[in-house]
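Have a look at the structure below, then the notes.
Numbering (this note's numbering), first residue to last: 1190 to 1566.
Here's what the structure looks like:
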């Protein structure tokens, strides 16, 4: 597929998904739907938030510890990818509210004890930092101080996101204080994956193929990073599986725990690790891009299991470990309600819209002078 055709295809799919998402949101709003579960909209928000933060962490580490190899050639790409991946999270989390205008109350009447309030504040600060970073990078004024500040905010934001899930679904061993660590590992995997896909697309559009220095960077930093973080990710998953198996709510819902563990450990860990190792050994960019796409899909679906079965575990706990089948059925049905998964399509749709537009409109090539969008000049 030619680069121009690829961008056009992304734009068309983005428009379709965004339109379906907006239509789904209007259906949700008109029906005054307000489910008691955290469902697809929350999962999609968490996915894009973690992906953006993971991408920013990878970029900030380069900024703090120095530009190496081909990093300087793609610095603008990477900052733009982080910003574009962060933006689709906002309409999803705002749309999840029955009254979206209530989102502003988070800032006008802050509750210091609310992790969700801190989530909103931290992500607004984080998005502004990304915008400032992109402006500074285009003006060649990006410094280590800004990189350190960005790194600190990103880690705070990401661990707060993990803590929200950990404190809300405090099922012994499986969920709890270790959720922030799992989220950091997952975010790094998503960050590496989004950057590999995004850089490969931009390079093919601008230069016809991925330049040698950039390709070397993707294997030296990103491919090795995926292998390293996957080992940590697997360790955490095996530990969760071994200890969580004996947690009463999980024990009662063993089939759900088995499904979660099978998907995340076998597909999310072992197969992805084998693919990444093969890409690294053969230095095959095609295999590396495919591995990245697999990781994106697997981490998203593992989030579904993580949130859905956590809530099933809570239902079992509340009903003294003897939850009637209709309770479990209602939980699953509400989780997969069209009022949740349809509006959630706004986020991937917006990403597929924004990234091609950024490649076409922004000056993302090294030393290219911005000609459009006044704030970047």
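The beta-carbon is built from N, C-alpha and C at its ideal position, and this holds for glycine as well.
For residue i, name the three-state secondary structure that DSSP assigns.
i: residue 1405; result: helix
i: residue 1400; result: coil
i: residue 1542; result: helix
i: residue 1265; result: helix
i: residue 1534; result: coil
i: residue 1217; result: helix
i: residue 1554; result: coil
i: residue 1369; result: helix
i: residue 1276; result: coil
i: residue 1228; result: coil
i: residue 1473; result: coil
i: residue 1358; result: Because residue 1358 carries a pLDDT of 49, less than 50, the predicted location of this residue cannot be relied on, and no value is offered for it.
i: residue 1529; result: helix
Pick from the options: whose alpha carbon is nearest that of residue i?
i: residue 1475; options: 1193, 1404, 1419 and 1413; result: 1404
i: residue 1396; options: 1262, 1546, 1384 and 1213; result: 1262
i: residue 1568; options: 1193, 1204 and 1194; result: Past the boundaries of the shown model lies residue 1568; the chain is included only from 1190 to 1566, so the question cannot be answered.
i: residue 1193; options: 1427, 1549 and 1240; result: 1549
i: residue 1210; options: 1545, 1527, 1547 and 1551; result: 1527
i: residue 1279; options: 1546, 1545, 1534 and 1547; result: 1534
i: residue 1423; options: 1390, 1398, 1460 and 1389; result: 1460
i: residue 1402; options: 1388, 1546, 1415 and 1249; result: 1388
i: residue 1413; options: 1477, 1496 and 1428; result: 1477
i: residue 1458; options: 1471, 1427, 1201 and 1317; result: 1427
Please return the same chain residues whose Cβ sits closer than 8 Å to the Cβ of residue i, not counting the five positions on each side in sequence.
i: residue 1418; result: 1374, 1377, 1378 and 1381
i: residue 1547; result: 1269, 1273 and 1553
i: residue 1215; result: none
i: residue 1398; result: 1392
Give me, in chain order, the residues of the same chain whose beta-carbon lies closer than 7 Å to that of residue i; leave out the 5 immediate sequence neighbours on both sides.
i: residue 1575; result: With the chain covering 1190 to 1566 only, the question about residue 1575 has no answer from this structure.
i: residue 1530; result: 1229
i: residue 1370; result: 1425
i: residue 1489; result: 1236
i: residue 1472; result: 1408
What does a CB cutoff of less than 6 Å around residue i pick up in its chain, not counting 5 residues either side in sequence?
i: residue 1536; result: 1233, 1237, 1277 and 1281
i: residue 1421; result: 1374
i: residue 1213; result: 1531 and 1532
i: residue 1544; result: 1273
i: residue 1199; result: 1541 and 1545
i: residue 1202; result: 1541
Would you say residue i touches the ligand FAD, meaning its beta carbon is less than 7 Å from a heavy atom?
i: residue 1219; result: The model on display carries no ligand, and the ligand FAD is accordingly not part of it.
Can you round the beta-carbon distance between residue i and residue j to whole angstroms, since I take them to be within the 8 Å contact cut?
i: residue 1539; j: residue 1207; result: 6 Å
i: residue 1195; j: residue 1390; result: 7 Å
i: residue 1264; j: residue 1492; result: With 8 Å as the limit, residue 1264 and residue 1492 do not qualify as a contact, their Cβ atoms being about 29 Å apart.
i: residue 1386; j: residue 1469; result: The pair is not a contact, with the Cβ atoms about 17 Å apart (cut-off 8 Å).
i: residue 1496; j: residue 1231; result: 7 Å
i: residue 1239; j: residue 1372; result: 6 Å
- Query: With a cut-off of 8 Å, do at least 3 Cβ pairs link the segment 1392-1411 to the segment 1269-1282?
  - Reply: By the Cβ rule, the segment 1392-1411 does not count as touching the segment 1269-1282, because fewer than three pairs are nearer than 8 Å.
- Task: Mind the definition here: the segment 1476-1486 touches the segment 1456-1468 only if three or more C-beta pairs lie below 8 Å; say whether that holds.
- Result: As far as the Cβ criterion goes, the segment 1476-1486 touches the segment 1456-1468, which means the pair count is three or higher.
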